[in-house]
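For the sequence shown, my numbering assigns the number 4 to the initial residue and increments by one for each residue that follows. A short worksheet on the structure shown next.
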Amino acid sequence: MKIPVVLSAVHVDISPDGHLTVDIDGTPHFSDQALGRGDLQSVLDAITTELGTAVRVEIREADGTTYADIATPPPATETAPKMEVPTPVSQPGLHGHGFHPGEEVVVAYVVCTQTADGAGQTSLHLPPALLGRRGSKLLLVGMTSAAVAKIDQPA
Numbered sequence: 004m005k006i007p008v009v010l011s012a013v014h015v016d017i018s019p020d021g022h023l024t025v026d027i028d029g030t031p032h033f034s035d036q037a038l039g040r041g042d043l044q045s046v047l048d049a050i051t052t053e054l055g056t057a058v059r060v061e062i063r064e065a066d067g068t069t070y071a072d073i074a075t076p077p078p079a080t081e082t083a084p085k086m087e088v089p090t091p092v093s094q095p096g097l098h099g100h101g102f103h104p105g106e107e108v109v110v111a112y113v114v115c116t117q118t119a120d121g122a123g124q125t126s127l128h129l130p131p132a133l134l135g136r137r138g139s140k141l142l143l144v145g146m147t148s149a150a151v152a153k154i155d156q157p158a
């Protein structure tokens, strides 16, 4: 999604009875419809979809309370049915084993290594210059099992 340098501002005023008045950059929007609090999300979805970009939202309650946030367009929905594509037996990518079924697995990028001392302890002090260094190893780590699969990548 391309986000402009200056976002359009959507102002939403909520009356004491919960009625919404909406404008985009000062131009009334949805003024022909009776909108209530429950319509707020669908109104923001419609505006962001129509504009095709994020907007700054300012909501003013009847008691003077003000809220501000950024609203983004809802994810696009596919209208065509998905076709099943057969998965090749050997796919390029990262492979690992030893994880629990259904477990979330994360990729960890190794930027440096250090050897543990005789007691099995180590202490890493990472200098700021390390941020520019490129490591050459990836790890797959199981978030529940703590299983680790080491993957060597060419440098």
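Don't be surprised by glycine CBs; every beta carbon is placed ideally from N, CA and C. Because the structure is a prediction, the values reported are computed rather than measured.
Contacting residues, own chain, Cβ-Cβ under 7 Å from residue i (five flanking each side not counted)
i: E106; result: G145, M146, T147 and S148
First through last residue of the alpha helix (DSSP H) which encompasses residue i
i: T52; result: L43 to L54
Of the listed residues the options, nearest to residue i (C-alpha basis)
i: D72; options: T118, L143, V13 and H103; result: V13
i: G55; options: G123, Q117 and S11; result: S11
Span of the beta strand (DSSP E) around residue i
i: S11; result: S11 to I17
i: D26; result: L23 to I27
i: R59; result: V58 to R63
i: D72; result: T69 to A74
i: T30; result: T30 to H32
With 16 other Cβ atoms within 10 Å as the buried cut-off, status of residue i
i: Q94; result: With a pLDDT of only 49 at Q94, under the threshold of 50, the placement of this residue in the model should not be trusted, and no figure is reported.
i: V46; result: buried
i: L97; result: exposed
i: V60; result: buried
Same chain only: Cβ atoms within 6 Å of residue i, ignoring 5 sequence neighbours per side
i: E64; result: I17
i: I62; result: V15 and Y70
Same chain, Cβ closer than 8 Å to residue i, five either side skipped, listed in chain order
i: V58; result: L10, S11, A12, V13, I27, L47, I50, T51, I73 and A74
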